[in-house]
Ligand SMILES: Cc1cc2nc3c(=O)[nH]c(=O)nc-3n(C[C@H](O)[C@H](O)[C@H](O)COP(=O)(O)OP(=O)(O)OC[C@H]3O[C@@H](n4cnc5c(N)ncnc54)[C@H](O)[C@@H]3O)c2cc1C
Ligand code: SF4
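Numbering (the working numbering), first residue to last: 154 to 661.
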């Protein structure tokens, strides 16, 4: 059953009961809701954003951003440099607008989680059944060849010339047409986001979804979590609707690594460690654009056809990352007439990104209105990696025939030959001027074995409030260096399995 704002408009406040209430319907929330509903528990899934489907998805940026994104598409993580951050706010969460790239947590990361955070149960062998299940549910596979764009081919040509290792992209998709509309929702339903996988599974198993319904309060009886109080709001106009009180035996927060800590902080819950909102990780990303003499039409083809993995052990991942013109223009350090002039070459452009696996952390806290605010300063080590990542990406673009490379720096806007790459190391580039973005928030309610330094235990249950769990990217104890959705879904599925196995403890 799906209930949206229009179904309850004008109705009085009401209440509902369930075994489990899941707050947030993105990667983590969708996966755990389906696991529990299919395991026989009654599940209520609450989502602040609206319920849109492929027939609503199009290329008109302002319309789609209003429907699918939080904060009009981008928020700023304040720091040096400021980092532009985007997240979804709709049924399916950020998976509706993401690129669908799908990778397991690298083994070296799991080892680090074991050694540094004591999470010995997170070996590749123990996580295997969860990864396998998730990959089946969201159809992880390589692309059909005809969906790969010229940009991806050029990146491979460049990487091959330089002898750099690359892998074909693994994505959650079924016969993706390569329309490059992922950022505004997949119009063909080829992308196997939570919207078309876990949400229908949850509903088919009897789960109830309330969309346009923002959770404001987590209720407890002083000893354990007892439910939540939510308010319906029209997802686009903000018009207020009735209040919904959900009474549940287990409360699962899956609002994402920014909104979950904000909700906990507003409720003054689960923070005896003072770790809620700390350890904020974000894989800072710098965009580099190759401009060629001829049209590439990189918008014809999936966002990423491959990933260059040569430098993954150093914490640098390089990929193509072509997006519709409106989004690309926003990601470049140009405004007004200059932006128009640069964007005239859109058809000749190849956008690439280098992602840095962060060694530093930031913090999510509350602003004066009680909303999430983010602070993150890229540390010196990660900044050096970022410069190196931009240099390596430029090298690959030149090797693939680019005539010019546009850089994400105000004081060094572009370079015109491989010889000029040296300038990246010889000029002093101030951190504050780098055009940086991210879509990977993690770590703010981290998992651990010590309740003094973590927010949730190895099963995802908050140390302080029995029956209150977190199942989103916030539980990562450290960065993973690759796209995170499969790791989030696998850990959420694992928490769901734990709850089903511990039936007597939680549901008797
Ligand atoms: C543009 C973009 C591209 C990306 N590309 C990739 C990619 O290719 N591969 C990959 O692995 N990852 C990608 N990511 C990242 C990935 O999508 C996210 O890391 C992942 O979806 C996070 O999962 P989550 O469960 O933590 O939160 P989300 O998926 O963001 O879901 C959280 C949900 O909770 C809802 N919510 C928040 N607060 C409340 C509340 N109080 N009450 C009710 N509901 C609430 C939100 O509206 C949202 O729908 C991308 C992200 C973006 C934005
Ligand atoms: S490239 Fe187009 S068809 Fe493929 S998943 Fe993205 S939006 Fe869907």
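Even glycine gets a Cβ: it sits at the ideal position worked out from N, Cα and C.
key: Which listed residue (661, 566, 169 and 509) has its alpha carbon closest to that of residue 663   = Residue 663 cannot be examined here, being either before or after the span of the chain that is shown, 154 to 661.
message = Are the CB atoms of residue 185 and residue 333 within a distance shorter than 9 Å?
response = no
task = Evaluate contact between the segment 562-574 and the segment 379-393, counting only Cβ atoms and requiring at least three cross-stretch pairs below 8 Å.
result = no
ask   = Taking residue 476 as the reference, which of 277, 410, 458 and 280 has the closest Cα?
value = 458
message = Please output, in chain order, the residues near ligand 2 using a CB cut-off of less than 7 Å to any non-hydrogen atom of the ligand.
response = 253, 300, 326, 329, 330, 331, 332, 333, 334, 335, 339, 340, 341, 343, 344, 455 and 456
query = DSSP on residue 594, reduced to helix/strand/coil?
reply = coil
task = Give, in chain order, every unbroken run of the beta strand (DSSP E) that is at least 3 residues long and sits entirely within the segment 168-248.
result = 196-200, 228-230 and 236-238
inquiry  = Taking the alpha-carbon of residue 248 as reference, which of 276, 619, 214 and 352 has the nearest alpha-carbon?
reply    = 352
inquiry  = Cutting at 6 Å between CB atoms, please list the residues of its own chain near residue 341, excluding the five before and the five after it.
reply    = 330
inquiry  = Measuring only the C-alpha atoms, how far is residue 384 from residue 157?
reply    = 12 Å
query = In angstroms, rounded to a whole number, what distance separates the CA positions of residue 489 and residue 478?
reply = 15 Å
message = Which residues does DSSP list as the beta-bridge partners of residue 567?
response = 559
task = Please report the Cβ distance between residue 422 and residue 623, rounded to the nearest whole angstrom; I am assuming they are in contact, meaning their Cβ atoms lie under 8 Å.
result = Between residue 623 and residue 422 the Cβ distance is about 11 Å, and since that is not below 8 Å, they are no contact.
key: Runs of alpha helix (DSSP H) wholly within the segment 450-476 (minimum 4 residues, chain order)   = none
ask   = When burial is assigned at 16 or more other CB atoms within 10 Å of the CB, is residue 344 buried or exposed?
value = buried
query = Taking 8 Å as the cut-off, does the CB of residue 170 come closer than this to any heavy atom belonging to ligand 1?
reply = no
inquiry  = Can you list, in chain order, the residues of its chain with a C-beta nearer than 6 Å to that of residue 585? Leave out the 5 residues immediately preceding and following it.
reply    = 233 and 234
query = Does the beta-carbon distance from residue 169 to residue 398 come in below 9 Å?
reply = yes
Inter-residue spacing [alpha-carbon to alpha-carbon] between residue 564 and residue 582 = 7 Å
key: Alpha carbon of residue 312 to alpha carbon of residue 661, nearest angstrom   = 57 Å
task = Give the single residue among 535, 604, 612 and 525 whose Cα lies nearest to the Cα of residue 223.
result = 525
request  = Would you mind sorting residue 285 into buried or exposed? The rule is 16 or more other CB atoms within 10 Å of its CB.
outcome  = exposed
query = From residue 657 to residue 454, what distance separates their C-alpha atoms?
reply = 50 Å
inquiry  = Going by beta-carbon coordinates alone, are residue 190 and residue 354 separated by less than 9 Å?
reply    = yes
request  = Check whether the Cβ of residue 350 sits closer than 8 Å to any heavy atom of ligand 1, and report yes or no.
outcome  = no
request  = Compare the C-alpha of residue 535 against each of 639, 589 and 379 and name the closest.
outcome  = 589
task = Out of 595, 288, 281 and 202, point me to the one whose CA is closest to residue 429's CA.
result = 595
inquiry  = At the level of alpha carbons, what is the spacing between residue 653 and residue 371?
reply    = 22 Å
task = Compute the distance between the beta-carbons of residue 362 and residue 642, then report whether it is under 9 Å.
result = no
key: DSSP-derived helix/strand/coil call for residue 291   = coil
task = For residue 105, collect the residues of the same chain with a Cβ closer than 7 Å to its Cβ; drop the 5 residues on either side in sequence, then sort them by chain order.
result = No answer is possible for residue 105: the residues shown for the chain start at 154 and end at 661.
request  = Give the C-beta separation of residue 364 and residue 523 to the nearest angstrom, bearing in mind that I take them to be a contact with Cβ-Cβ under 8 Å.
outcome  = Wrong, their Cβ atoms sit about 23 Å apart, outside the cutoff.
task = Tell me whether residue 368 is buried or exposed, calling it buried when 16 or more other Cβ atoms sit within 10 Å of its Cβ.
result = buried
query = From residue 386 to residue 552, what distance separates their C-alpha atoms?
reply = 52 Å
key: Three-state secondary structure (DSSP) of residue 340   = coil
ask   = Are the Cβ atoms of residue 174 and residue 381 separated by less than 9 Å?
value = yes
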